[in-house]
Structures are given as C-alpha cells and as structure tokens.
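*Asks:* Have a look at this one.
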Amino acid sequence: MSATYTFDIFSTLDGYASHRGDWGGYWGKQGPEFLEHRAAIYREPQRVVLGATTYAENATFADPEFDRSQLDEWILRMYDAPVTVLSGTLTEPHDWQNTTIESGDPVELVTRLKAESDVPLRSHGSLTLNRALLNAGLIDAIQVMVFPVISGSTGVYRIFEGVEDFDLELLDAQTFDGNTQVLTYRPTRHG
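Here's what the structure looks like:
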C-alpha cells in the first residue's frame, strides 16, 4: 500500500504563500484554535518532505543553539519528525536531526518514498517541489490554510503558478478562531 502525500500550505485569500510587508508570521492572524489544530496534525507519525529552499530557510530554527521557546508547538514537532530533503545541490544536512538528503528526479524520489514509507508524507511549503509533484499526479491531498487577508501589494510566491488544471474534491473544511479556513482537497487532473 502506498503512503499518502499531503501538500500543506499557508495562503492569503488571493493565493500568496508569503509576503514582503509588515504583516508578521501567519499574517498576524493565528489564534489558539488554529495553533492547536496545527500541533495536532504534527503529533501524528509522518515523514516531512521538503525542497532545498524551504529546508535551508528553516534550518536556522532547527539549530540546537536557537532558542526554541520562541517557536509554536507544531513547528517544534515538524523539526522533530523525520525529514527527507529533495535537492540536487545540498549534500550535508544542517543541524536538523533525523534529516536525509536525496538527490535525483523529485518525481522518482517521491514515487519511491510513497511506496516505501510506513507513515504518511507531508510537505509544508516547498512550492517548486510541490508544483512538480502535483503536475505529476503524486499529491493525494492539498491542505490550504487560508488566512483572512488580501496581500495584493505585498504578496509573494503565488501558490499554484505554473500548475496545470485540476478539479478539486473538498474532503474537509474547518474554521478556526472565527476567521482562518483550513480546506483539504483531493486533486484530480482536469480533462
């Protein structure tokens, strides 16, 4: 049986994964219900799959010298989970424990990981990687956390830029703290 692969992404209502403004993390909209939901997701056994850029951007926070008391519980749990980084440029893991770096074709690597893993696979962010995996039909679920903001002037990284057309089957929809939507979809190539 094949392990499931979930692409997990934060988003503005207008489809940006990040910003270059003064919003702060989570666009300043995280609340206790949302943070508990995220922590519950990462309490489950799983393997985290990241692209090189997302891994490198987050490796600083996994450094043993970093004051981890500043991080939300779900982030700590993500750093403690086994991680596979798909990269053709990185050769040695940073100080992130339980990390394996795999080089080669990401589609072939994730196909193998899905076949071999005894736990679900989850990738947070890693847009370039997950766009390629979505186009290859390897993503079983897309979980989008939609924060109640439009960042038309400051938004960066359009989530689905360059992705082919997909129909989405809504598997779950939840609202946290009265304003943040968590939508989980099963993608199927359109046409």
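Letter by letter, the sequence shown follows residues 7 to 197 of our numbering.
The beta-carbon is built from N, C-alpha and C at its ideal position, and this holds for glycine as well.
Extract the residue ranges of the beta strand (DSSP E) inside the stretch 147 to 171, only unbroken runs of 3 or more that lie entirely within it.
*Replies:* 147 to 153, 161 to 164
*Asks:* Which partner residues of Glu72 appear in the DSSP bridge assignment?
*Replies:* Correcting the residue identity first, residue 72 is Phe in this sequence and not Glu. Paired residue(s): none; Phe72 is not in a bridge.
*Asks:* For Leu119, which of helix, strand or coil comes out of DSSP?
*Replies:* helix
*Asks:* Return helix, strand or coil for Asp183, following the three-state DSSP convention.
*Replies:* Note: Asp183 maps to coil in three-state DSSP.
*Asks:* Would you kindly check if the distance between the Cβ of Lys35 and the Cβ of Pro126 is under 7 Å?
*Replies:* Going by C-beta atoms, Pro126 is not nearer than 7 Å to Lys35.
*Asks:* Do Asp69 and Asp101 come within 7 Å of each other at the CB atom, strictly closer than that value?
*Replies:* Yes, these two residues count as a Cβ contact at 7 Å.
*Asks:* Considering Arg137, what are the terminal residues of the alpha helix (DSSP H) in which it resides?
*Replies:* Note, Arg137: alpha helix (DSSP H), 133 to 141.
*Asks:* For Asp178, does the three-state DSSP call read helix, strand or coil?
*Replies:* It is a strand residue.
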